[in-house]
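Read in order, the letters of the sequence shown are residues 403 to 523 in this note's numbering.
Beta carbons: idealized from backbone N, C-alpha and C, even for Gly.
Here the structure is laid out as structure tokens; the discussion comes afterwards.
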Amino acid sequence: DEHGWDDNGVFNFEGGCYAKVINLDKDSEPDIYNAIRRDALLENVTLDENGKIDFADKSVTENTRVSYPIDHIEKIVRPVSAAPDAKNVIFLSADAFGVLPPVSILTPEQTKYYFLSGFTA
């Protein structure tokens, strides 16, 4: 997810959802399954001979996804993805080389640097 922080607090840019759909099943994930309709975008999925999505097909990749507007989900809480200023920030990074220690207390300057540079290994 992409988040922002301004004078009014923190918020989510997307206003939607991005979910994995490999082996998606209507009974186990009804919200995601039912969100796949007009204005949803599927990635890396295949269709069977009848034009139906084959959620079990991993021939392209297991990273099959759907992106859809938040309004495709019933009973969402409004306002969507907004909160007051954060007092603490937890920065998650996939650092395979140990540049950033697994647990760190960063200065505001370090936090800005790693966040804005899109740090990941």
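Spatially closest choice to residue i from the options, by CA coordinates
{"i": "F457", "options": "K428, V491 and L508", "result": "K428"}
{"i": "P471", "options": "K489, I434 and V505", "result": "I434"}
{"i": "K477", "options": "F413, A437 and L518", "result": "A437"}
{"i": "G411", "options": "P432, R440 and N490", "result": "N490"}
{"i": "L443", "options": "E431, G453, G418 and A488", "result": "G418"}
{"i": "V462", "options": "H405, D473 and T448", "result": "T448"}
{"i": "L518", "options": "P503, V479, P432 and S495", "result": "S495"}
Those residues which DSSP pairs with residue i across a bridge
{"i": "L449", "result": "I455"}
{"i": "Y420", "result": "S469"}
{"i": "H405", "result": "N414"}
N-terminal and C-terminal residue of the beta strand (DSSP E) that residue i is part of
{"i": "N410", "result": "Run containing N410: none; DSSP gives neither H nor E here."}
DSSP-derived helix/strand/coil call for residue i
{"i": "L444", "result": "strand"}
{"i": "A488", "result": "coil"}
{"i": "D427", "result": "coil"}
{"i": "P504", "result": "coil"}
N- and C-terminal bounds of the alpha helix (DSSP H) containing residue i
{"i": "P587", "result": "No answer is possible for residue 587: the residues shown for the chain start at 403 and end at 523."}
{"i": "D517", "result": "The sequence shown places Phe at residue 517, rather than the Asp named in the question. Looking at the DSSP string, the run of the alpha helix (DSSP H) that includes F517 is P510 to L518."}
Validate contact between the region 404-424 and the region 466-481 using beta carbons, cut 8 Å, 3 pairs: Yes, the region 404-424 touches the region 466-481.
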